[in-house]
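Under the working numbering, the residues of the sequence shown are numbered 1 to 279, in order.
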Amino acid sequence: MTRILVAIPAGILFLSFSMPTAGQSLVEDPSPPVAKHLPQGQPPSPAQSSVIVVRPDLSDEQLADLYMARKEYREASVIFKRLADQNPQNPVYLNKLGISLHQQTALGPALKYYERAIKADPSYADAQNNIGTIWYQRKKYGKAIKAYQKAIAIRSDMPVLYSNLGYAYFGDKKYEQAITFFRQALTMDPHLFDHGNSRNGSVLQDRTVGDRGRFYFLLAKSFAESGNVERCLIYLRKAKDDGYKDLAAVKTDPSFAAVVKDPAIQEVLAPKPEDSVQP
């Protein structure tokens, strides 16, 4: 949503963030590390001169968000824990604390805070998605599927939820269901599998899959059904490069009917020439 954004091509559960508005979620920003605020009139030491000085009006939540952006998850979790303790019914603080712990692979505590966020606000789809990513990471695909279904019932307009649900079905080897939800996600965001970004506050699921060739083939099939030859071609090539054995199915599968005669598709389907015998 790996946005743990969510932990299926090469390594994917994951968080992506942008600068939040009040009450939203985390940030991803390549700016330098945060330094402690210096009292007015005190000149910075040479060791401090190359770092950013935190503005005195920066809130604790904004400071924690900046730590998250710099991948300083332990420091962020300390601040979010204090905010959550001070505001035990604030679902955003609870969810952010869960994410900061999730990023430290503390899955049990992260799950606890996601569940508390949902209890505080049953309409909080991001926290429900994040619960799904915990179960997915633990390979409890049935529980992950149920969590994502609940999230979609809350918010049906988030592509990352359909993508994560597709991955969970794929992990459970339910490939037809997987392709249904990949197709839905791609309909909503055709570039979802390229930029890999999730919503603020939503973890993008781990996209590392055991059968990458099949995964790429299913993505190619989704794009073929929508008539997108260019992107179908990209994923067919990836499937071939990963050694997918059933590329010939493209010629008979009705899903590829609109693209199978394209010369570029035919080129991918052609068998690789035998390596020349060296003298």
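We treat Cβ as the ideally placed atom computed from N, Cα and C, and that holds for glycine.
Through-space distance from residue j to residue i, alpha-carbon basis
{"i": "His37", "j": "Leu83", "result": "Here His37 scores only 41 on pLDDT, less than 50, and its place in the model should not be relied on; the value that follows carries that caveat. If you take the alpha carbons of His37 and Leu83, they lie about 20 angstroms apart."}
{"i": "Ile265", "j": "Arg214", "result": "17 angstroms"}
{"i": "His300", "j": "Glu75", "result": "Here the chain has residues from 1 to 279 only, and residue 300 is not among them."}
{"i": "Gly171", "j": "Val160", "result": "16 angstroms"}
{"i": "Asp241", "j": "Asp262", "result": "19 angstroms"}
{"i": "Tyr113", "j": "Asp189", "result": "29 angstroms"}
{"i": "Ala177", "j": "Leu218", "result": "Residue identity check: residue 177 is Gln in the sequence provided, not Ala. Taking the straight line from one Cα to the other gives about 11 angstroms."}
{"i": "Glu267", "j": "Leu233", "result": "10 angstroms"}
{"i": "Thr252", "j": "Ser77", "result": "53 angstroms"}
{"i": "Ile118", "j": "Tyr169", "result": "23 angstroms"}
{"i": "Ala270", "j": "Gln137", "result": "38 angstroms"}
{"i": "Lys272", "j": "Ile179", "result": "28 angstroms"}
For residue i, three-class secondary structure by DSSP
{"i": "Leu58", "result": "coil"}
{"i": "Thr252", "result": "coil"}
{"i": "Val268", "result": "helix"}
{"i": "Pro109", "result": "helix"}
{"i": "Ser77", "result": "helix"}
{"i": "Lys174", "result": "coil"}
Within-8 angstroms CB hit, residue i to chain D
{"i": "Met158", "result": "Any reference to chain D falls outside this structure, which holds one protein chain only."}
Opening and closing residue of the alpha helix (DSSP H) in which residue i lies
{"i": "Gly142", "result": "141 to 154"}
{"i": "Tyr124", "result": "Where Tyr124 is concerned, there is no enclosing alpha helix (DSSP H), given that its DSSP letter is neither H nor E."}
{"i": "Gly166", "result": "159 to 171"}
{"i": "Asn95", "result": "91 to 102"}
{"i": "Ala220", "result": "212 to 225"}
{"i": "Leu233", "result": "229 to 241"}
Residue j beta carbon less than 8 angstroms from that of residue i
{"i": "Thr280", "j": "Asn164", "result": "Nothing about residue 280 can be reported from this structure: the residues present for the chain run from 1 to 279 only."}
{"i": "Ser226", "j": "Phe182", "result": "no"}
{"i": "Ala127", "j": "Asn87", "result": "no"}
{"i": "Ala147", "j": "Ile131", "result": "yes"}
{"i": "Tyr73", "j": "Ser100", "result": "yes"}
{"i": "Ala144", "j": "Tyr162", "result": "no"}
{"i": "Lys81", "j": "Leu66", "result": "no"}
{"i": "Ser123", "j": "Ile152", "result": "no"}
{"i": "Ala258", "j": "Ala220", "result": "no"}
Option nearest residue i by Cα separation, candidates the options
{"i": "Gly108", "options": "Ile118, Val92, Trp135, Gly142", "result": "Trp135"}
{"i": "Tyr235", "options": "Gln104, Arg212, Asp85", "result": "Arg212"}
{"i": "Ile79", "options": "Val92, Leu66, Asp60", "result": "Asp60"}
{"i": "Asp157", "options": "Lys245, Tyr169, Ala125, Tyr244", "result": "Ala125"}
{"i": "Lys139", "options": "Glu115, Asp246, Tyr167", "result": "Tyr167"}
{"i": "Gln104", "options": "Asp85, Met68, Leu63, Asn129", "result": "Met68"}
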